[in-house]
Amino acid sequence: MSDSKSSALFERAQRVVPGGVNSPVRAFRAVGGSPVFIAKASGAYLFGESGERFTDYVGSWGPMVFGHTHPKVVAAIEKAVKNGLSFGAPTALEVEFAERVTALYPSIEMMRAVSSGTEATMAALRVARGFTKRDVIVKFEGCYHGHADFLLVQAGSGAATFGTPDSAGVPEAFARLTTVLPYNDIDALRALFESRGKEIAAVIVEPVVGNMGCIAPVPGFLEEIIALCKKHGAVSIFDEVMTGSRVARGGMQARAGLVPDMTCLGKVIGGGLPLAVYGGRREIMQQLAPIGPVYQAGTLSGNPIAVSAGLAAIELLDDALYERLEAASARLERGLNDAIKSTGASACVQRCGSMLTLFFAPGPIRNWSDAKQCDTKRFGRWHAAMLQQGEYWPPSQFEAAFVSGAHTDEDIDRTIRAAEKALRESA
Ligand SMILES: *Cc1c(COP(=O)(O)O)cnc(C)c1O
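Position in the sequence shown (first residue = 1) + 7 = the working numbering.
So this is what it looks like as structure tokens:
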């Protein structure tokens with residue numbers, strides 16, 4: 008559907024960048040289209056290279072919780088830029104940022120700032136392994152934790168099988184140290200700890216999944232992860248790179264009233280700049296160099312521009328924002344459900360706060376085996392029909408859509424009408 012400027016840019020891009028994109032899902036392959044090149048963004052809207060406007064439900068894949076180019080974030084960045092771009096030396100800004108983050112997330116007694124969510128999860132697991140002096144990590148099928156070798160492991164038929172790599176270039180030997188369980192399967196988790204509890208360094212989980220579409224944890228699932236880790240001397244890690252300050256100011260852990268051993272943050276916490284965080288219990292984080300034996304470093308870690316954006320973002324996370332997010336997201340959920348009913352589509356909506364997925368399956372979707380039943384072809388047709396109407400929805404069935412504080416009721420209602428039309432057209 009893409010315009011002529013985007014098509015021309017995509018042509019050029021494909022000659023010099025693999026697939027024409029710097030991150031695979033941007034290529035629109037999962038929906039059979041080709042990407043719109045974005046020239047600028049403001050509030051709830053993206054503007055393509057040809058000037059067309061889209062209502063944005065991707066929000067840069069999560070960071071834009073209050074909408075694009077918020078004046079306070081932009082002003083903080085402009086101010087920081089004038090003082091220097093990077094020093095490779097500590098700054099007051101970093102201290103303030105760490106103080107604000109640790110206050111927001113009680114599970115984080117100490118933290119490190121890094122530049123991406125991938126770095127955060129990778130480093131968190133290294134510290135967990137250093138702390139426990141164990142090698143095996145446990146993840147859940149369909150959860151995405153960035154692209155570190157030992158986390159690109161997803162497959163695994165049935166419970167507690169040894170991992171097999173999900174990407175070429177990941178050695179079997181690395182993948183073997185990652186055990187994959189079905190999401191929301193408390194019994195499988197108990198059985199694994201019963202048999203191999205002494206080998207397990209850490210369990211890493213998306214406390215609400217966004218990366219196979221929006222899937223909430225069943226009651227007791229997150230609690231059991233924390234309890235089993237505690238009992239067996241393993242480290243529980245909530246990867247809140249997506250959910251942090253998205254489903255609630257203090258993330259899913261605040262919503263659920265839980266305190267994991269470690270937490271990873273990214274996306275919202277960086278206000279749209281490359282900034283992420285990992286942290287946790289003091290005795291675990293004290294394993295890090297220069298005070299401990301676990302090495303982790305970064306030339307641009309805690310970059311003053313990024314940290315300034317993060318601080319401005321944290322400043323904006325007030326009650327009014329979360330009330331607005333809930334109201335707008337609930338409105339969208341209701342409208343989509345009505346559209347499903349009126350069109351008789353075989354689909355369901357799952358939502359947690361301002362994360363939401365329209366699954367083309369009757370639902371409920373509780374794990375990856377449920378998710379993969381979805382009619383992805385129909386999703387592709389629905390997506391194209393949405394884009395045609397100026398609605399920029401994530402270009403994959405298995406991604407969460409994000410509502411921002413900048414979406415008005417009129418935006419939401421327009422999206423609902425477009426979604427209903429797209430449901431009819433994609434049938
Ligand atoms: C996006 C994401 C990551 C990876 O973050 P990047 O900044 O893309 O490296 C890790 N975990 C979760 C849950 C994510 O949603």
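Ideal Cβ positions, reconstructed from N, Cα and C, are used throughout, including at glycine.
Residue nearest to Ala51 within the set Ala82, Val65, Pro297 is Val65 (criterion: CA-CA distance). Taken through DSSP and simplified to helix, strand or coil, Asn344 comes out as helix. Proximity to Pro281 across Val266, Ser308, Ile291 peaks at Ser308, based on C-alpha coordinates. Taking the Cβ of Val177 as the reference point, every heavy atom of ligand 1 lies at 7 Å or farther away. For Val102, the enclosing alpha helix (DSSP H) covers residues 99-111.
For Glu330, the closest C-alpha among the options Arg253, Ser315, Val275 is that of Arg253. By the criterion of at least three beta-carbon pairs nearer than 8 Å, the segment 264-277 is not in contact with the segment 81-89.
Ser243: member of the beta strand (DSSP E) spanning 242-246, first to last residue. Set against 7 Å, the gap from the CB of Lys274 to the closest heavy atom of ligand 1 is smaller. Sequence-distant partners of Phe386 (beyond 5 residues in either direction) whose C-beta falls short of 6 Å from its own C-beta, in its chain, are Phe367, Gln404. Beta-bridge partners assigned by DSSP to Ala408: Leu363.
In the three-state reduction of the DSSP assignment, Ile298 falls in the coil class.
Closer than 7 Å to some heavy atom of ligand 1: that does not describe the Cβ of Tyr64. Residue environment analysis places Asn374 among the buried positions, since at least 16 neighbouring C-beta atoms fall within 10 angstroms of its C-beta.
Around the Cβ of Asp418, a 10 Å sphere holds 16 or more other Cβ atoms; the residue is buried. Not one heavy atom of ligand 1 is found less than 7 Å from the C-beta of Tyr302.
Distance between Arg388 and Pro224, taken at the CA atoms: about 29 Å.
Contact annotation, Glu427 with Ser349: C-beta distance approximately 7 Å; criterion of less than 8 Å satisfied. Taking each of His77, Leu196, Met118 in turn and checking the Cα distance to Leu295, the smallest one comes out for Met118.
Between the alpha carbons of Ser49 and Gly217 lies a distance of about 24 Å.
Val356 is positioned such that its CB atom lies no closer than 8 Å to that of Glu333. Its Cα nearest to that of Glu406, the residue Met249 stands out among Met249, Ala135, Ala182.
The Cβ neighbour count for Asn29, taken over all protein chains shown within 10 Å, is under 16; the residue is labelled exposed. Between the alpha carbons of Ser57 and Lys47 lies a gap of roughly 11 Å. Taking all protein chains in view, the Cβ of Val38 is crowded by 16 or more other Cβ atoms within 10 Å, so the residue is classified as buried.
Where Thr128 is concerned, the enclosing alpha helix (DSSP H) starts and stops at 124-139.
Apart from the 5 residues on each side of it in sequence, Arg60 sits with its Cβ closer than 7 Å to the Cβ of Tyr52, Phe54, Gly397 in its chain, given in chain order. No Cβ-Cβ contact shorter than 8 Å links Gly74 with Gly299. According to the DSSP assignment, Val314 belongs to the alpha helix (DSSP H) that extends over 311-323. A Cβ-Cβ contact shorter than 8 Å links Ala120 with Val284. Rounded to the nearest whole angstrom, the C-alpha separation of Thr415 and Glu179 is 49 Å.
Contact check for Leu132 against Ala209 passes: the beta carbons are separated by less than 8 Å.
Between Glu247 and Cys150 a beta carbon distance of about 12 Å is seen, past the 8 Å cut, so the two are scored as non-contacting.
The C-beta separation of Leu229 from Ala263 comes to about 6 Å, placing the pair in contact by the 8 Å criterion. About 23 Å separates the Cβ atoms of Phe181 and His239, ruling out a contact at the 8 Å cut-off.
Apart from sequence neighbours up to five positions away, the residues of its chain that approach Gly204 with a beta-carbon distance below 6 Å are His239, ordered along the chain.
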